[in-house]
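Just below is one structure, and these are the notes that go with it.
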Amino acid sequence: MQWRGLWLGFAVALAAGCGDDDGSGPDGGGTADAGEPEDLSYTAEPDPAELDECTTTPPPAGQARAKHVSCEDELLGGTVAMGRVGADIVLENRVARFVVRGSGGAASFLGVGTGGLVDAAAHGRPDLIKDVVPFGGFSAAGASEVVVTRAGGESVSARALFEMEVVGLLAAVLPTATPERIHGAIDYELRADEPVLRVTVRATTTPGTTADSFPTGFVMLVGGAADLIHPWGEGAAAVLDGPESATVLRVPGEGTLSEIQSITFLEGGQLVARRGEEVSYELRVAVGETAAEAFAAAYAGEEGLAELELAGAPGDRVELATPDGAAVLRTRLDEAGAARVPLPPGDYRVRSGFGRFLHSEAVPVELSAGGSRADVEPAPSGVLTVDVTADDTAGAPEAAPVRVTLARAGGEELARLVAVGPTDFRLPAGDYLVTVSRGPEFDWVQRTVSISDGGTAAIEGENLPRVVDTSGWVAGDFHLHSEMSTDSRHWLRDALRIVAGEGLDVVASTDHDFITDYDRHAAAAGVDGWVLFVPGAEVSHPLIAHVNGYPLRWDPTRAANGAPPWFMTSPGQWFDAIRAIGDTSLDPMGALVQINHPRRSSSGLFESIGLDRDTGMATLTAAELGLDPAADLNDFDVDGVEVWNKTPDDDDEESLLDYLALYSLGRRFAMMGNSDTHDDGRPAGSFRTYLEVPDDARGAFGWDDVAAAIRARRATVSAGIFVTAEVTALDDAADTADLRVVVQAPPYIAPERLRVYAGTEVVHDEALAGTGELVLNGVPLGGADFVAVRVDGGRGDPVISHGTLGMTNPIEVR
């Protein structure tokens with residue numbers, strides 16, 4: 024889904040429950056002398072017994088604890104753990120820990136207020152959620168105060184006093200949206216020894232309002248390490264089954280669950296708040312080592328359930344499904360090879376596997392009222408060992424990361440994985456086509472292997488030879504997404520492994536409206552030191568433009584780690600906001616600004632403003648775009664334009680014509696090519712930008728070298744083909760130039776066509792039979808003051824799974 028569609032879909036999902044309702048909430052208000060109901064108000068009394076020192080061990084059995092976070096030891100781990108020392112509140116017992124946002128806005132959701140749940144996990148297990156916030160209509164709860172109301176004992180609690188606020192992004196896109204006219208309190212309760220946080224939202228009308236009907240529920244942003252399942256259950260529920268932990272979120276009673284990419288809506292139905300009365304709705308958040316554990320805790324005490332007991336191989340994954348194949352639950356079996364799942368009596372299907380491979384035959388199970396046991400046949404599996412080196416790291420103390428693409432022997436691609444040194448991959452039995460690669464600078468190793476039940480196969484003792492000479496250049500990708508983006512579930516650690524396995528040298532994180540610091544996770548991903556990482560963000564107006572900024576200051580004390588809010592401002596103001604938070608410790612000149620996919624219909628700046636190539640000016644006004652009429656739409660004070668995005672297509676061709684036209688008019692910025700990847704199916708570096716630096720050896724160049732190359736436009740774009748060119752002679756009288764062009768590509772990519780642009784016109788076009796050096800004499804310039812060289816080629820599956828291309832930045836001739 025495009026970004027515009029995502030947020031308009033988000034708006035529709037939030038608004039779907041709005042309307043009138045004749046129901047009523049529970050009593051709760053007083054009555055004035057004249058018989059008119061009084062407005063209800065809520066208070067939050069801090070517990071004076073709250074501890075203020077750091078606690079490094081969980082409470083003992085029978086006890087729980089709530090306090091403001093005093094030290095890092097009180098926080099959770101994992102890629103999406105976002106608790107903060109000093110600002111947030113931790114509720115914990117001997118089995119689990121939960122963190123509530125205490126100030127500064129939501130953790131990952133720019134434009135949403137304070138008071139939501141940001142972390143939840145069993146002790147020693149990684150967090151899987153980013154934000155969980157009560158919502159209603161176009162609004163989300165924003166807390167004015169969050170306090171610990173009961174600090175210790177058999178049960179502890181915290182309270183957030185809130186008013187409903189229109190989500191910032193929706194207010195910008197839908198200026199007529201108004202907040203729900205309710206306010207109230209969010210109560211968080213944790214009992215001793217239970218892995219379940221109980222969340223109760225208590226609400227009444229805004230003072231002076233007679234009544235308001237509003238949809239209830241919770242909007243949840245989740246991380247990508249977990250498989251998200253909507254299980255059986257009365258009411259809305261979501262199961263997050265991660266590789267090391269699990270979380271179940273459940274709204275008891277009637278309700279539904281819906282998803283828009285990484286945003287999940289747990290919708291609880293419609294309520295009517297009346298003056299002087301209180302209504303309430305609930306959420307239970309259960310955590311465990313496995314999904315089965317968390318699921319059982321979330322449904323503990325539910326009547327009419329039986330227990331299905333599973334037994335199989337420890338660590339294997341098991342899927343429970345209905346007879347028609349709809350998944351009910353996926354879970355790992357525990358260290359004893361067991362799982363116990365409460366379910367309503369009925370017929371189910373059980374199959375087992377491991378990781379992403381659930382491949383065994385489904386076994387029917389009839390669950391009776393008294394419970395059932397299903398012995399799961401261990402999935403027959405084998406092991407593929409990959410141990411392949413690469414030329415540029417031969418003899419190095421550590422092996423280079425390489426990409427391993429697995430496909431069925433018939434061609435169906437199954438997975439893209441990364442190996443760093445000798446690596447074992449557990450696979451189902453079968454025949455595979457295995458491609459080991461390290462980006463388009465290297466040849467590949469491609470082998471067909473057969474794995475029998477319990478058997479092994481190996482690709483080892485081989486080397487990936489470097490076949491493209493990029494001496495003096497580093498490969499960069501400056502448009503990447505991970506689970507930190509609202510429209511991606513790509514687990515950050517996997518994203519970093521793929522970046523390294525694709526042979527990239529420098530990348531910027533550019534998650535939507537969120538600053539991610541890749542360096543903080545590189546060691547855990549096993550790729551520390553292989554890539555120069557810098558933090559950035561993509562400013563993402565869904566209807567006008569997307570703009571990247573990098574490097575930016577990563578600031579965990581601010582919402583979305585300090586990403587610049589763009590609501591109700593113009594593109595030129597975004598450029599200023601990006602530069603205001605540039606990380607000058609990496610480069611004294613600060614942040615670079617890059618316009619992304621400028622001709623995309625939903626989020627391309629040149630398309631949105633109706634750019635006229637002849638004048639280089641906007642044809643639409645700021646007022647027509649819903650902006651301040653005084654906003655300057657012709658402010659292109661940027662460092663780069665992403666002409667090439669994802670795969671070569673018609674939008675890119677239009678962007679290229681825009682870029683060349685603006686360059687001809689004296690607008691100087693670098694031509695960039697980036698992958699804009701959101702998942703492992705479209706890997707990082709599928710489009711990349713090579714930058715010329717003084718020394719390209721690993722560890723020998725810094726961000727200042729890379730930034731200087733971008734600003735000076737010492738760049739060439741590549742989707743599998745590496746092209747460099749220079750002007751060797753200029754004949755002003757004849758208005759021609761002589762060029763030396765070098766075309767390089769790996770053997771699995773065939774360059775087919777070369778074009779030379781002088782200004783906006785193609786002045787030379789010839790077929791190519793392969794790679795090599797070309798001398799082009801007497802190329803007509805047509806009065807242009809620059810040329811650019813482009814080469815197109817065939818697909819390079821599976822390394823480059825689309826048409827290939829290479830193009831230089833403009834080379835000025837006079």
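Numbering of the sequence shown is given in the working numbering, commencing with residue 24 and proceeding in unit increments.
Backbone N, C-alpha and C define an ideal beta-carbon position, used for all residues, glycine too.
A quick note: this is a predicted structure, and the numbers were derived from the prediction, not measured.
In this structure, DSSP gives Ala350 an extended state, which the three-state scheme calls strand. Burial is judged here by how many other beta carbons sit within 10 angstroms of a residue's own beta carbon; Glu212 has at least 16 and is buried. C-alpha of Ser162 to C-alpha of Leu98: approximately 29 Å in a straight line. In the DSSP assignment, Pro157 falls within the unbroken beta strand (DSSP E) covering Ile152 to Gly159. Taking 8 Å as the upper bound for CB-CB distance, Arg273 and Ala314 are not in contact here, some 13 Å apart. No Cβ-Cβ contact shorter than 8 Å links Val491 with Asp528. Val765 and Ala811 have their C-alpha atoms roughly 13 Å apart. Contact annotation: Ser741 and Tyr713 have beta-carbon atoms nearer than 8 Å.
Here the region 289-298 makes no contact with the region 316-333; the two share fewer than three CB pairs at distances below 8 Å.
For Arg818, no alpha helix (DSSP H) run applies, since DSSP gives it neither H nor E. The alpha-carbon of Val388 is positioned some 21 Å away from that of Gly338. Taking the C-beta atoms as reference points, Ala413 is found nearer than 8 Å to Phe465. For secondary structure counted as the alpha helix (DSSP H) over 4 or more consecutive residues, the region 297-368 holds these complete runs in sequence order: 314-321. Ala174 is a Cβ neighbour of Arg88, given a cutoff of 8 Å.
In this structure, the beta-carbon distance from Pro574 to Val554 does not fall below 8 Å. Of the residues Val798, Pro821, Ala143 and Gly829, the one whose Cα lies closest to the Cα of Leu437 is Pro821.
Sequence-distant Cβ neighbours of Ala432 in its own chain, meaning closer than 7 Å and more than five residues away, are Asp454, Tyr455, Leu456 and Thr471. In the three-state DSSP reduction, Gly138 falls in the coil class, being neither helix nor strand. When rounded, the separation of the alpha-carbon atoms in Thr759 and Ile834 is 14 Å. About 17 Å separates the beta carbon of Arg225 from that of Pro60, a gap too long to meet the 8 Å contact definition.
By the Cβ-count criterion, Ser624 is exposed, with fewer than 16 other Cβ atoms from all chains shown falling within 10 Å of its own Cβ. Rounded to whole angstroms, the separation of the alpha carbons of Lys669 and Arg576 is 27 Å.
Closest option to Asn619, judged by alpha-carbon separation, among Leu609, Leu650 and Tyr682: Tyr682. If you draw a straight line from the Cα of Val196 to the Cα of Asp75, it comes to about 43 Å. Here the alpha carbons of Thr408 and Phe448 stand approximately 6 Å from one another. Listed as beta-bridge partners of Phe465 by DSSP are Arg489. A distance below 8 Å between beta-carbons, with the five flanking residues on each side excluded, links Gly826 to the following residues of its chain, in chain order: Thr670, Pro671, Ala742, Asp815, Gly816, Gly817 and Arg818. Between Val664 and Phe692, the C-beta gap is smaller than 8 Å, which places the two residues in contact.
Taken through DSSP and simplified to helix, strand or coil, Asn116 comes out as strand.
By a beta-carbon distance limit of 8 Å, Phe590 contacts Gly191. Their separation comes to about 5 Å. Taking Thr239 as reference, the option from Pro652, Ala430, Phe158 and Val118 with the minimal CA-CA separation is Phe158.
Here the C-alpha atom of Ala350 lies approximately 52 Å from the C-alpha atom of Arg778. Look at the beta carbons and you see the region 127-134 not touching the region 267-281: under three pairs across the two are nearer than 8 Å. Taking every protein chain shown into account, the CB of Glu277 has fewer than 16 other CB atoms within 10 angstroms, so this residue is exposed. Per the Cβ contact rule, the region 538-547 is not in contact with the region 174-185 (fewer than 3 Cβ pairs under 8 Å).
Shown here for Asp70: same chain residues with a beta carbon closer than 7 Å to its own, the five before and five after excluded, namely Val171, Thr172, Arg173 and Ala174 in chain order.
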